[in-house]
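Student: Attaching a single structure in structure tokens format; questions to follow.
There are 2 protein chains.
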Amino acid sequence: MTYQLHQGVGHPVPGIRLASTAAGIRYTDRDDLCLLELATTGQVAAVFTQNRFCAAPVVVAQQHLAADTARYLLINAGNANAGTGAAGEQVARDSCALVAEQVGCRSEQVLPFSTGVIGEDLPLAPLCAAVPTLCANLTEDVWASAAASIMTTDTRLKLCSCTLEIAGRPVTITGMAKGSGMIHPNMATLLAYIATDAQIAQPVLQQMLQTAVVQSFNAISVDGDTSTNDACVLLASGASGIQIVPDTEAAARMQAALNVLSRDLAYQVVQDGEGATKCVTIRVEEAANEREARLVAEAIAGSPLVKTALFASDPNWGRILAAVGRAPVARLDIQALRIWLDQVCIVSAGGRDPGYTEQAGQQVLCQDAFTIRVALCQGVASTELLTCDLSYDYIRINADYRS
Amino acid sequence: MTYQLHQGVGHPVPGIRLASTAAGIRYTDRDDLCLLELATTGQVAAVFTQNRFCAAPVVVAQQHLAADTARYLLINAGNANAGTGAAGEQVARDSCALVAEQVGCRSEQVLPFSTGVIGEDLPLAPLCAAVPTLCANLTEDVWASAAASIMTTDTRLKLCSCTLEIAGRPVTITGMAKGSGMIHPNMATLLAYIATDAQIAQPVLQQMLQTAVVQSFNAISVDGDTSTNDACVLLASGASGIQIVPDTEAAARMQAALNVLSRDLAYQVVQDGEGATKCVTIRVEEAANEREARLVAEAIAGSPLVKTALFASDPNWGRILAAVGRAPVARLDIQALRIWLDQVCIVSAGGRDPGYTEQAGQQVLCQDAFTIRVALCQGVASTELLTCDLSYDYIRINADYRS
């Protein structure tokens, strides 16, 4: 593929300006409020959490997207403004109005996003005080500080850029994400903002985002919980003047670059999973269909017993087999399926593979990253899911989060 | 109800003899092998794990039950004999033959049970050495040592007796259980052995057991994993001479006593859940149907974020609401549903209840046992599920189990 991936880097994207500031909503010693501005020539695509208990900003952002063309994204960390009822929605709307007033656009052109503690009122006063500063400081080359400002329990900022040439001219894609717990498919259960200077019509942009999300943010699992707030937004500023037309070679290359960038951000999220010490790919092959492959992968990724064994670098393959055994799929042939840790076959014929040694299994599990591969012997469908282990630190982080 | 429940006690049951011994299969300093004998007048009912990856003893026990009338149960702790293929099934069969030879019955009259590490070969030699001792020492009044011999990561033995009068004569029910992790509905994911001296025909006994299990062992959840091995067996020796005829007042009282005893054993299992510090009842009411009530209860009980908040005594009701929001039910009205911690209403109208104070919530959560109650405002169905919190010790126990 003819793109360059720059991991951990946030190249400026022409037509996109950002700013962050310390509004003091919850944290006292760091930036916790971020604003993104999209050029007037731009388009926006977004996907949101599928949790039925949506946070106020998700409700308002969806209404605003339906009503107008978005130009500003306002993101606060530390308070999710979720479970806050009608008052919470009013705060979300008011925060959009604050931005609109400062920059001279319509309120509906501003989308609000929040992440943090659920069920506490989001105060408007700190936003009132901070928004003018934010609007005054918009600039192109501050992706890293913007990415830092949206973190909650994250321990590192998540950035990635991708550059490619289309028709001999450079196109940039840059993305940032936050999220380390509550990460489970459907959907992102995190916040991710990806921007490009390509020019892409809205329906095309929406389709490109959905394609990218399915194989990245919707294919990761930290603790099986989904959040009330999470969203993934794709901005196309059009500033490069390079138009992406569907069903062209350029569109295919753009999609490929977007996919790899999204996967990199998703990988960073799992790597930073709450308390995670290992990044584990669950690959399920030879399934009757993709849905069943996914159900088996989720059963493994969702098993606390598997995840604690991974933490202990214990090749307790019996726990993996037991997790497969409870996957709610129609057909499962325990005698025929095989399981590998990387290249080490551990299970065949319903039991330990004859060639397996504990030492070989342990060697795989001592790595920071490896693959658990299951071949179901039912068909040709396959899927991959990225997950992490379950450690003491997961408990510490989540038991202490509010204290 | 006219029964007496004796918690933590194992009254002898006429017609049932037990023995335990230290076979040295895995543990070196404790009993790890147990034998139960049922009088020749007795009947047996059993339910098994629904995990498709069944352990060898489960396969063999089901075959033996189908072929003959069981009279002996042989239970070992420390090795699950699961994922051990055809060789594992042979060991399970051979262990039954060992007992049969000693006591002079058919092999098919012996049912094998195993619990412990998955995927390691169960050696026959220690069983060969121990079975004669076991058979020689069968006696009625050793339920406590029998219950201790089947423990694995359990920290306390689980016993309960219930006495009732039928037709002016005493009937006894005594049960023992093991299990502290891998506890999730469908099914038991633990071992439980309940015995009575009543005389009950096999189909009636099977129905009574299934009724009892649905509202006890299948209504608890520690970590969402189900095991490859678990089973619940109900023995009726008939030694009291008191016959239980279906659809009589006596049958109803017997069922009620069996239900309460099963629930008590299930409660003991959750109390001893790996690392558990709190026993939490999830009650879902006003559901459209029982299935949806159950799905909502499972979403709450299965959320690591809810469970770590419970561990921290943190009334983070937003996490509860988020768990409800991801339950896979057809209808969910976030605005209409209400949530309580015991008597404290925490959520109404899609947000924090106006009368709620953090202090009131915290008071409930600081208790050892309390109820999270959700009213869905959809219908009249309800369900209860028992679960526990997720603590550091869960990780310690499960990360260290094999080392």
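Those sequence lines, one after another, are chains A and B.
Heads up, the first sequence is in the numbering used here, so the first residue is 73 and it goes up one at a time.
Heads up, the second sequence is in the numbering used here, so the first residue is 73 and it goes up one at a time.
Each residue gets a CB set at the ideal place from its N, CA and C atoms; glycine is no exception.
(1) Just the Cα atoms here: how many angstroms apart are T261 (chain B) and P195 (chain A)?
(2) Looking at A399 (chain B): is its Cβ nearer than 7 Å to the Cβ of A371 (chain B)?
(3) May I have a chain-ordered list of the beta strand (DSSP E) segments no shorter than 3 residues that lie completely inside the region 252-330 of chain A?
(4) Where do the ends of the beta strand (DSSP E) carrying K250 (chain B) lie?
(5) Can you grab the Cα-Cα spacing for the pair P257 (chain B) / A322 (chain A), in whole Å?
(6) So, does the CB of L404 (chain A) fall closer than 7 Å to a CB anywhere in chain B?
(7) Mind checking if N470 (chain A) is an interface residue toward chain B, Cβ cutoff 7 Å exclusive?
(8) For K379 (chain B), does the three-state DSSP call read helix, strand or coil?
(9) Is it true that the CB of V356 (chain B) sits closer than 7 Å to the CB of A369 (chain B)?
(10) Going by CA-CA distance only, name the one from A:Q287, A:T268, A:Q340 that's closest to K250 (chain A).
(11) I need the boundaries of the beta strand (DSSP E) containing H78 (chain B), first residue and last residue.
(12) Between which two residues does the beta strand (DSSP E) harbouring A359 (chain B) extend?
(13) Using alpha carbons as the reference points, say which of A:L413, A:F383, A:V378, A:Q415 lies closest to G397 (chain A).
(14) Under 7 Å between beta-carbons, which chain B residues line up against T380 (chain A)? List them in chain order, please.
(15) Find the residues of chain A that neighbour G433 (chain B), judging by a C-beta separation of less than 7 Å, and give them in chain order.
(16) Just the Cα atoms here: how many angstroms apart are A324 (chain A) and L236 (chain A)?
(17) Flag T211 (chain A) as yes if its beta-carbon sits less than 7 Å from any beta-carbon of chain B, otherwise no.
(18) I think V163 (chain A) touches Y144 (chain A), with their Cβ atoms under 8 Å apart; what is that distance to the nearest whole Å?
(19) Is it true that the CB of Q79 (chain A) sits closer than 7 Å to the CB of D336 (chain A)?
(20) Thinking C-alpha only, which one of A:P129, A:C460, A:S233, A:Q439 is nearest G374 (chain A)?
(21) Go through its chain and collect everything with a Cβ distance to A447 (chain A)'s Cβ below 7 Å, but skip five positions before and after it.
(22) Apply the 10 Å Cβ neighbour rule to M259 (chain A) and answer buried if 16 or more other Cβ atoms are within range, or exposed otherwise.
(23) Could you run through the region 225-247 of chain B and flag, in chain order, every residue whose CB is less than 7 Å away from some CB of chain A?
(24) Interface residues of chain A around I190 (chain B) at Cβ under 9 Å?
(25) Can you give the Cα-Cα distance for L90 (chain B) and M280 (chain B), rounded to whole angstroms?
(26) Closer than 8 Å, Cβ to Cβ, to anything on chain B: give me those residues from the region 349-368 of chain A, in chain order.
(27) Mind reading off the beta-carbon distance from G82 (chain A) to S233 (chain A)? Whole number of angstroms is fine, and I expect it under 8 Å.
(28) Quick one: which residues of the region 148-160 of chain A get their C-beta closer than 9 Å to a C-beta of chain B? List them in chain order.
(29) Please list the residues of the region 112-126 of chain A that have a C-beta atom closer than 7 Å to any C-beta atom in chain B, keeping them in chain order.
(30) Output, in chain order, the set of chain B residues within a Cβ distance shorter than 7 Å of G423 (chain A).
(31) Return the residue from the list A:K350, A:D226, A:V342 that minimises the CA-CA distance to F289 (chain A).
(32) Is Y464 (chain B) close to chain A? Criterion is C-beta to C-beta, closer than 7 Å.
(33) DSSP on V203 (chain B), reduced to helix/strand/coil?
(34) Which residue wins for smallest C-alpha separation from A128 (chain B), given the options B:I147, B:A142, B:S309, B:D140?
(35) Can you find the residues in the same chain that come closer than 7 Å, C-beta to C-beta, to Q135 (chain A), ignoring five residues on each side of it along the sequence?
(36) Tell me whether the region 212-232 of chain A and the region 302-310 of chain A touch, counting them as touching only if at least three CB pairs, one residue from each stretch, are closer than 8 Å.
Tutor: Let me spell this out:
(1) Note that T261 (chain B) scores 49 on pLDDT, short of 50, meaning its location in the model is unreliable; the coordinates nonetheless yield the value given after this. For T261 (chain B) and P195 (chain A), the distance between alpha carbons rounds to 47 Å.
(2) yes
(3) 263-268, 303-308
(4) 241-250
(5) Legend: pLDDT at P257 (chain B) = 40, less than 50; position of this residue unreliable, value from coordinates given subsequently. Between P257 (chain B) and A322 (chain A), the C-alpha separation is close to 51 Å.
(6) yes
(7) yes
(8) helix
(9) yes
(10) A:Q340
(11) 75-79
(12) 351-359
(13) A:V378
(14) I467, N470, A471
(15) Ordered by position in chain A, no residue passes the 7 Å Cβ test against G433 (chain B), which lies about 10 Å from the chain.
(16) 12 Å
(17) no
(18) In fact, because the Cβ distance is near 17 Å, the residues do not count as touching under 8 Å.
(19) yes
(20) A:C460
(21) E357, E358, L409, R410
(22) Annotation note: pLDDT 34 at M259 (chain A) (below 50); position unreliable, no value reported.
(23) none
(24) N388, W389, G390, R391, L393, A394
(25) 23 Å
(26) none
(27) 6 Å
(28) A152, A154, G155, T156, G157, A158, A159, G160
(29) N123, R124, F125
(30) G155, T156, G157, G160
(31) A:V342
(32) yes
(33) helix
(34) B:I147
(35) none
(36) no
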